[in-house]
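Reviewing the structure listed below.
In mature numbering (1 follows the signal peptide of the UniProt record, and there is no 0), the protein residues as written are -24 to -1, 1 to 300.
Listed below in structure tokens is the structure:
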């Protein structure tokens, strides 16, 4: 999603009105209060953690916003140069509409298969439309072997995921064998983050347990109910990281009152200096922590924080991929 993207901004406006209206909407919006918000203290994250765990996934999430013809040749300017030359592009897919662009690559420096998904294309109506399809649906039984009972996800995000799921399943399996790799990294920004997580849940059912699967995503909106959040926690565990940036409103949507909840694993960027360097980053215990993005005031949120910069002057969107 770019700064100019509108669907989540529309939701921000709508839910702000509802939350502060003098009218009651008991039949329109189901309010849920069973899920507690964590008040556990945060712990500060150092630069070594950022460079070793977050930086490279962020670079791949940025590069998938670049033009196909440049990425497939690994000649996309600064974003490609920052990752380095030891990358073999296996597959580029998507249509920038209902199926966001995605990249499957082999990262030779870590011998890891990387799957990266782009967020919403603000210039494509179909891409934006899926963001607003916020009804809960169960996991698709034609894709997930054993969809857990009561698990429900955002319909629009699952539809976007389904457009690439079969190809990604096949290509990742083949790539692991071709490159003799034992690790897969799933990453993405905004809606791309939701697709990356669904990829990981799907692949956990398909791959041998000896394959390390990590998920590091950025600007993740809420994408499922409490049972979904628990499924992510139990399936991916400590290999799951979701990074939220300062006062980003997108990570607080859809609202919890509509039975949407985040999984654990939040890393929250508190502040970024003028050079795009994060000056304070904290780890947030629990699924929803009031000291992190959950505690943001809707009247003090900044949509520009959704695109970045996050750290190391890394931002997301087509604007971050301009050729020199």
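Note that beta-carbon positions come from the ideal geometry of N, C-alpha and C, so glycine has one too.
Worksheet item: Can you tell which of 195, 176 and 34 has the C-alpha that lies nearest to the C-alpha of residue 188?
Response: The sequence position of residue 188 within the chain shown is 212, counting from 1. Among 195, 176 and 34, the Cα nearest to that of residue 188 belongs to 176.
Worksheet item: Looking at the structure shown, is residue 278 part of a helix, part of a strand, or coil, going by DSSP?
Response: Along the chain shown, one-based indexing puts residue 278 at 302. Note: residue 278 maps to coil in three-state DSSP.
Fill in: Whole runs of the beta strand (DSSP E) within the region 131 to 170, excluding any shorter than 3 residues
159 to 165
Discussion item. Our contact map puts residue 208 next to residue 245 with C-beta atoms below 8 Å; I'd like the distance itself, whole angstroms only.
Written reply: Counted from its first residue, the chain shown places residue 208 at position 232. Counted from its first residue, the chain shown places residue 245 at position 269. Not a contact, Cβ separation roughly 21 Å.
Worksheet item: When the Cα atoms are used, what is the spatial distance from residue 169 to residue 250?
Response: As a working note, residue 169 is residue 193 in the chain shown. As a working note, residue 250 is residue 274 in the chain shown. Rounded to whole angstroms, the separation of the alpha carbons of residue 250 and residue 169 is 26 Å.
Practice prompt. Measure the beta-carbon distance from residue 164 to residue 93 and round it to whole angstroms, keeping in mind my assumption that it falls under 8 Å.
Written response: Mapped onto the chain shown, residue 164 falls at position 188. Mapped onto the chain shown, residue 93 falls at position 117. Indeed they touch by this definition, with Cβ atoms about 4 Å apart.
Discussion item. When you compare the CB positions of residue 39 and residue 136, do they come within less than 8 Å of one another, or not?
Written reply: Position 63 of the chain shown, counted from the first residue, corresponds to residue 39. Position 160 of the chain shown, counted from the first residue, corresponds to residue 136. No, Cβ-Cβ distance for residue 39 and residue 136 is not below 8 Å.
Fill in: Inter-stretch contact at 8 Å, needing at least 3 Cβ pairs: the region 281 to 298 / the region 248 to 262
yes
Practice prompt. Verify whether the separation of the beta carbon atoms of residue 178 and residue 145 is less than 8 Å.
Written response: As a working note, residue 178 is residue 202 in the chain shown. As a working note, residue 145 is residue 169 in the chain shown. Cβ distance < 8 Å, so residue 178 and residue 145 count as in contact.
Worksheet item: Is the number of C-beta pairs between the region 255 to 274 and the region 227 to 236 that are closer than 8 Å three or more?
Response: yes
Worksheet item: To which residues of the same chain is residue 56 closer than 8 Å at the C-beta, ignoring the five residues directly before and after it?
Response: By one-based count along the chain shown, residue 56 stands at place 80. Same-chain partners within the cutoff: 39, 42, 46, 47, 50 and 63.
Practice prompt. Determine the contact status of residue 113 and residue 204, defining contact as a CB-CB distance below 8 Å.
Written response: Position 137 of the chain shown, counted from the first residue, corresponds to residue 113. Position 228 of the chain shown, counted from the first residue, corresponds to residue 204. For residue 113 and residue 204, no; Cβs fall outside 8 Å.
Discussion item. So, with DSSP's three-state summary, where would you put residue 22?
Written reply: Translated into positions along the chain shown, residue 22 becomes position 46. DSSP places residue 22 in coil when its eight states are reduced to three.
Discussion item. Do residue 217 and residue 192 have their beta-carbon atoms positioned less than 8 Å apart in this structure?
Written reply: Working through the chain shown from its first residue, we reach residue 192 at position 216. Working through the chain shown from its first residue, we reach residue 217 at position 241. For residue 192 and residue 217, yes; Cβs fall inside 8 Å.
Fill in: Beta carbon of residue 237 nearer than 8 Å to that of residue 202
Residue numbering aside, residue 237 sits at position 261 when the chain shown is read from its first letter. Residue numbering aside, residue 202 sits at position 226 when the chain shown is read from its first letter. Contact flag set, yes.
Worksheet item: By how many angstroms is the C-alpha of residue 78 removed from the C-alpha of residue 27?
Response: Here the question's residue 27 lines up with position 51 in the chain shown. Here the question's residue 78 lines up with position 102 in the chain shown. Between residue 27 and residue 78, the C-alpha separation is close to 23 Å.
Worksheet item: By Cβ distance below 8 Å, which residues in the same chain neighbour residue 143 in space, the five residues on each side in sequence not counted?
Response: Numbered from 1 along the chain shown, position 167 holds the residue referred to as residue 143. Contacts found: 67 and 69.
Fill in: Between the CA atoms of residue 129 and residue 8 - distance to the nearest angstrom
What you label residue 8 is simply residue 32 of the chain shown in a count that begins at 1. What you label residue 129 is simply residue 153 of the chain shown in a count that begins at 1. For residue 8, the predicted structure reports a pLDDT of 43, less than 50, and the residue's modelled location is therefore unreliable. A value from the coordinates is still provided. Spanning the two alpha carbons is a distance of roughly 16 Å.
Worksheet entry | Beta-carbon contacts of residue 278 that lie in its chain and below 6 Å, excluding the five residues immediately before and after | By one-based count along the chain shown, residue 278 stands at place 302. Closer than 6 Å at the Cβ level, and outside the excluded window around residue 278, lie 223.
Worksheet item: Between residue 259 and the rest of its own chain, which residues show a CB-CB distance below 7 Å, the 5 nearest in sequence each way excluded?
Response: If you number the chain shown from 1, residue 259 lands on position 283. Counting only Cβ-Cβ distances below 7 Å, and skipping sequence neighbours, we find 18, 19, 21 and 243.
Worksheet item: Taking buried to mean at least 16 other C-beta atoms within 10 Å of its own C-beta, is residue 181 buried or exposed?
Response: Looking up residue 181 in the chain shown gives position 205. Its Cβ having fewer than 16 others within 10 Å, residue 181 is exposed.
Worksheet item: Nearest-angstrom Cα distance between residue 283 and residue 292?
Response: Taking the first residue of the chain shown as position 1, residue 283 is located at position 307. Taking the first residue of the chain shown as position 1, residue 292 is located at position 316. The alpha-carbon atoms of residue 283 and residue 292 are separated by roughly 5 Å.
Discussion item. Measuring only the C-alpha atoms, how far is residue 265 from residue 59?
Written reply: Along the chain shown, read from residue 1 onward, the residue named residue 265 stands at position 289. Along the chain shown, read from residue 1 onward, the residue named residue 59 stands at position 83. Looking at the two C-alpha atoms, the distance is approximately 32 Å.
Discussion item. Counting C-beta neighbours from all protein chains within 10 Å, is the total for residue 83 16 or more, i.e. buried, or is it exposed?
Written reply: Here residue 83 refers to the residue found at position 107 of the chain shown. By the 10 Å Cβ count, residue 83 comes out buried.
Worksheet entry | Selection from 183, 96, 95 and 161 that minimises the alpha carbon distance to residue 120 | Your numbering for residue 120 matches position 144 in the chain shown. Looking at the Cα atoms, 183 is the closest of the given residues.
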